[in-house]
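Q: Residue numbers (this note's numbering): 9 to 193.
The beta-carbon is built from N, C-alpha and C at its ideal position, and this holds for glycine as well.
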Amino acid sequence: MHFARNPLKYWLFLRSFESGIASKLGDDEGRLSYLIHYCRDEAREAIKSCAILDPSEGYSEALKILKRRFGQPHLIARAHIDNLIDGPVLRSMDPTVLMKLASDMRNCKNTLQQLEYVADLNSSKTLAAFIRRLPPQLQFNWSELASSPLRRDREPLFSDLTDFVDERADVSMVHQSYSSSSVSP
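Structural data, given as structure tokens:
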């Protein structure tokens, strides 16, 4: 896995790098060399000068630079939310598209929970922007489901919406498998 600059991939890259490479190397010189190697474009440009520093200082500085430029929690949170709400409006109940959307939503939810930015996901503005991306039938189905917690004075949460989209993806997949099967008399 390489890292160029995308905040959506920062934590995944860093965790993969630390567990797959850095933890297996005995010295910071090797860690720094591999870190520079696995960074691309803007990220590599930002840290390549760390190679001239003492290896321990250089490795530590490179990690700090990457975090400051690409790993700030607010940048990561915003990138995840924008990735979900700025996408195209879904026109069909295609199970593949719905499963991808459900995966993106779960990834966003898990990441923002780790960063302690869940409140950003649960804002009514964010939920409304995301719901507008759903096919009309799912928008209506969601409204039916969301009315239940609202009647009990509880706002629907992003996690509720994630579970809903995940379930609808499963239903759509089952529906597609039955409707494409031919029945023999």
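#1: Look at the alpha carbon of Ala85 and the alpha carbon of Phe138, and state the distance between them as a whole number of angstroms.
#2: Assign His88 to one of two classes, buried (16 or more other C-beta atoms within 10 Å of its C-beta) or exposed (fewer than that).
#3: Report the CB separation of Leu92 from Asp112 in whole angstroms; it is logged as a contact under 8 Å.
#4: Would you kindly check if the distance between the Cβ of Ile44 and the Cβ of Ile55 is under 8 Å?
#5: To the nearest angstrom, report how far apart Glu53 and Asn14 are at their CA atoms.
#6: Check for me: the alpha helix (DSSP H) holding Pro157 runs from which residue to which?
#7: Just reading off the alpha helix (DSSP H) that Ala85 is part of, what are its end residues?
#8: Distance, Cα to Cα, Pro157 vs Gln80?
#9: Quick check on the burial criterion: 16 or more other C-beta atoms within 10 angstroms. Buried or exposed for Phe78?
#10: Drop a sphere of 10 angstroms on the beta-carbon of Arg76, count the other beta-carbons inside from all chains shown, and report buried for 16 or more, exposed for fewer.
#11: For Leu129, collect the residues of the same chain with a Cβ closer than 6 Å to its Cβ; drop the 5 residues on either side in sequence, then sort them by chain order.
A: The short version:
#1: Numbered from its first residue, the sequence shown carries residue 85 at position 77. Numbered from its first residue, the sequence shown carries residue 138 at position 130. Answer to the nearest angstrom: the Cα atoms are 15 Å apart.
#2: Residue 88 sits at position 80 when you count from the first residue of the sequence shown. His88 should be labelled buried.
#3: Within the sequence shown, the letter at position 84 stands for residue 92. Within the sequence shown, the letter at position 104 stands for residue 112. Confirmed, about 6 Å.
#4: As a first step, residue 55 is located in the sequence shown; it is residue number 47 there, counting from the start. As a first step, residue 44 is located in the sequence shown; it is residue number 36 there, counting from the start. Cβ distance < 8 Å, so Ile55 and Ile44 count as in contact.
#5: Reading the sequence shown from its first residue, position 45 is the one you call residue 53. Reading the sequence shown from its first residue, position 6 is the one you call residue 14. Cα to Cα, the separation comes out at about 14 Å.
#6: The residue given as residue 157 occupies position 149 in the sequence shown. Its alpha helix (DSSP H) spans residues Pro144 to Arg159.
#7: The residue given as residue 85 occupies position 77 in the sequence shown. Ala85 -> alpha helix (DSSP H) spans Pro81 to Ile93.
#8: On the sequence shown, residue 157 is found 149 positions in, with the first residue counted as 1. On the sequence shown, residue 80 is found 72 positions in, with the first residue counted as 1. Going by the C-alpha atoms only, they are around 34 Å apart.
#9: On the sequence shown, residue 78 is found 70 positions in, with the first residue counted as 1. By the 10 Å Cβ count, Phe78 comes out buried.
#10: Along the sequence shown, one-based indexing puts residue 76 at 68. Per the 10 Å Cβ criterion, exposed.
#11: Position 121 of the sequence shown, counted from the start, is the residue given in the question as residue 129. Cβ within range, chain order: Leu120 and Phe166.
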